[in-house]
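Here's the structure we're looking at; comments come further down.
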Amino acid sequence: MNARNILNLFLISFSVFFAGISLSLLSPFYPSEALSKDVSVTQSGLVLGSVFITTIIFTPIFGKYIDILGARKFLIIGCFVVGLGNISFGFLEQVQDTKTFFALSIVIRVITAIGESAVAPAAYPLAGKQVSKENYGKAMATAEACFGVGTMFGPSLGGALYDAGGFPLPFWISGGLAIAVSILSLVFLKDDSNGYDDLDNNKKVSWLQILKAPGVLISVFALAFSGSAWAWYSASLEPWLKEGYGLSSSQTGLVLMTFGLVYTIFTPLCGFLTDRGLDGLVAMTIGNLIISVGFVFLGPIPPFQAIGGKLWLVVVSLGLQGLGSAATYLGALLYMMKSVIDAGLPDNEQTKGMVSSLWVVADCAGGYLGSTLGSIAYDNIGFENGTMAEAGALAVTVVMLCIYLLVNQCCAGGGKPDSRDPASSSDSDSEHERSRLVKEIEKEGRIYGS
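Using my numbering, the first residue of the sequence shown is number 9, and each one after it goes up by one.
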């Protein structure tokens, strides 16, 4: 990597980081602020949930048409909209009318979420371009870790800034920094496409082609359940810890930070392992298994109640979930990228943007379902029984992934083409010719600086 690639990766990572922060910044203090203006908890839930719905709607659209403006422009515009939306949200404190406050909260939050939806599909293809193929996993892990760090630490950061300077401060600081990053990206971020991209730029990809690629749907399936896990106890862990251990809100925040810390540390490690040959499907299987084990000991589940009542066990359980999430999230993204290329789809910005957007949609859908079902489970069957249900659901995904892995290996073992088959030989010749053309174009690029 040269200095230009390092600067590019730095700007891309910070854009994703602030998009992640924006996603979760307001959750610890917005409901209480809304209640002071006579906005109900249900209405606050609609505001907080609007980000998931908006992301699910707009991320696939941006992923599909990312080639129109290019990933660089999508990233810059998305980051600017995120910043502008957050700064605008900070002024809502001045609105006293209940209906106006609620309506503006929805509108501004949706606009901000549209910006967030544009960042991820652009960031991951751009990050992959900054490094060689041998370091592709580490580059994706860096960008993905920054998004995860922003998402996981957004509530803690938002709560701290809220305590320090009131309602506007978290939004004005995060929004101002996001706009600063977008301006710096406008000046310094370069997107120099290589000859390999040019060969495929004119080939359009449909969502049906993406979804039909072997390995994509199973990745979405595994990722959605993993995404539901960290959101499962988002509304129930605090009251459960307060009731069982007498922890305050700030102490609960420190406990929750375990997940984010472990996730942040192990995501780059998973990227390193994938560059050394760890298969994405194996990473997802191991990841969901570890998350399931973490849920077993979180309550712990009723069969293990005898070892309950220990706060350190809760901390270890959250750490296991952070480790498992790091493996599943990165494994799913890389396996989906590999699957669409192996299926013969063009290796260009549109394909990578669509895969990245599908990855975000699966995570958001899982998060929305997890937070909803986890709250319902807590109210109806209690915290421990709810975690047992989620542990069982994740165990089912592990079984499904193992079956898929075995079937995949059996098919791969029995489906090798006969070298004497003319059709197989023709395909091989075409691939060699393509590789030769790519190398010639890259060579010309190095010579002429194109």
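Note that CB positions come from ideal geometry on N, CA and C, so glycine has one too.
{"Item": "Can you list, in chain order, the residues of its chain whose CB lies under 6 angstroms from that of residue 119, leaving out five sequence neighbours each side?", "Value": "93"}
{"Item": "Considering only residues of the stretch 312 to 379, which uninterrupted alpha helix (DSSP H) runs meet the minimum length of 4 residues and lie entirely inside it, listed in chain order?", "Value": "319 to 350"}
{"Item": "To test your reading of the DSSP string, which unbroken alpha helix (DSSP H) runs of 4 or more residues are found completely within the stretch 67 to 100?", "Value": "74 to 77 and 79 to 98"}
{"Item": "Does residue 39 come out as helix, strand or coil in the three-state DSSP assignment?", "Value": "helix"}
{"Item": "Residues in its own chain within less than 8 angstroms of residue 346 by CB, not counting five upstream and five downstream?", "Value": "223 and 288"}
{"Item": "List in chain order: all unbroken alpha helix (DSSP H) runs of 4+ residues lying wholly within the stretch 147 to 209.", "Value": "176 to 196 and 203 to 208"}
{"Item": "Using DSSP with H/G/I as helix, E/B as strand and the rest coil, what is residue 131?", "Value": "helix"}
{"Item": "Alpha carbon to alpha carbon, how far is residue 216 from residue 308?", "Value": "42 angstroms"}
{"Item": "Out of curiosity, what's the CA-to-CA distance linking residue 153 and residue 314?", "Value": "36 angstroms"}
{"Item": "Return helix, strand or coil for residue 241, following the three-state DSSP convention.", "Value": "coil"}
{"Item": "First and last residue of the alpha helix (DSSP H) that includes residue 20?", "Value": "11 to 32"}
{"Item": "Are residue 148 and residue 279 closer than 8 angstroms when you measure CB to CB?", "Value": "yes"}
{"Item": "Taking residue 295 as part of the alpha helix (DSSP H), name the residues at either end of that continuous run.", "Value": "288 to 306"}
{"Item": "Below 8 angstroms on the Cβ atoms is my guess for residue 60 versus residue 129; work out the distance and round it to an integer in Å.", "Value": "16 angstroms between Cβ atoms; not a contact."}
{"Item": "Can you tell me where the alpha helix (DSSP H) holding residue 138 begins and where it ends?", "Value": "It is not in any alpha helix (DSSP H) - residue 138 carries neither H nor E in the DSSP assignment."}
{"Item": "Contact check, residue 197 vs residue 80 under 8 angstroms by CB: the rounded distance?", "Value": "6 angstroms"}
{"Item": "Taking buried to mean at least 16 other C-beta atoms within 10 Å of its own C-beta, is residue 32 buried or exposed?", "Value": "buried"}
{"Item": "When burial is assigned at 16 or more other CB atoms within 10 Å of the CB, is residue 311 buried or exposed?", "Value": "exposed"}
{"Item": "Determine the DSSP secondary structure at residue 53, reduced to helix, strand or coil.", "Value": "helix"}
{"Item": "Quick one: residues in its chain with C-beta nearer than 7 angstroms to the C-beta of residue 377, no 5 flanking neighbours on either side, listed in chain order?", "Value": "236"}
{"Item": "Using the Cα positions of residue 264 and residue 352, report the straight-line distance between them to the nearest angstrom.", "Value": "42 angstroms"}
{"Item": "Go ahead and label residue 342 buried or exposed: buried means 16 or more other beta carbons lie within 10 angstroms of its beta carbon, across all protein chains shown.", "Value": "buried"}
{"Item": "At a cut of 8 angstroms, does the stretch 62 to 71 reach the stretch 391 to 402 through at least three beta carbon pairs?", "Value": "no"}
{"Item": "At which residues does the alpha helix (DSSP H) containing residue 220 begin and terminate?", "Value": "215 to 220"}
{"Item": "Quick test of your reading: residue 300 and residue 399, contact by CB under 8 angstroms. State the CB separation rounded to the nearest angstrom.", "Value": "5 angstroms"}
{"Item": "Can you tell me which of the three DSSP states residue 64 falls into?", "Value": "helix"}
{"Item": "Is the stretch 108 to 118 in contact with the stretch 355 to 371, if contact means three or more CB pairs nearer than 8 angstroms?", "Value": "no"}
{"Item": "So, is residue 75 buried or exposed, given that buried needs 16 or more other C-beta atoms within 10 angstroms?", "Value": "buried"}
{"Item": "With DSSP as the reference, label residue 259 as helix, strand or coil.", "Value": "helix"}
{"Item": "Since residue 28 and residue 162 should fall inside the 8 angstroms C-beta cutoff, what is the C-beta to C-beta distance between them, to a whole number of angstroms?", "Value": "7 angstroms"}
{"Item": "Which residues in the same chain as residue 34 place their Cβ atom closer than 7 angstroms to its Cβ, once the five residues preceding and following it in sequence are excluded?", "Value": "166"}
{"Item": "Would residue 242 and residue 131 qualify as a contact pair, given that the criterion is a beta-carbon distance under 8 angstroms?", "Value": "no"}
{"Item": "So, helix, strand or coil for residue 284, using DSSP?", "Value": "coil"}
{"Item": "If we count the other Cβ atoms within 10 Å of its Cβ and call it buried at 16 or more, is residue 10 buried or exposed?", "Value": "exposed"}
{"Item": "Alpha carbon to alpha carbon, what distance is there between residue 298 and residue 232?", "Value": "15 angstroms"}
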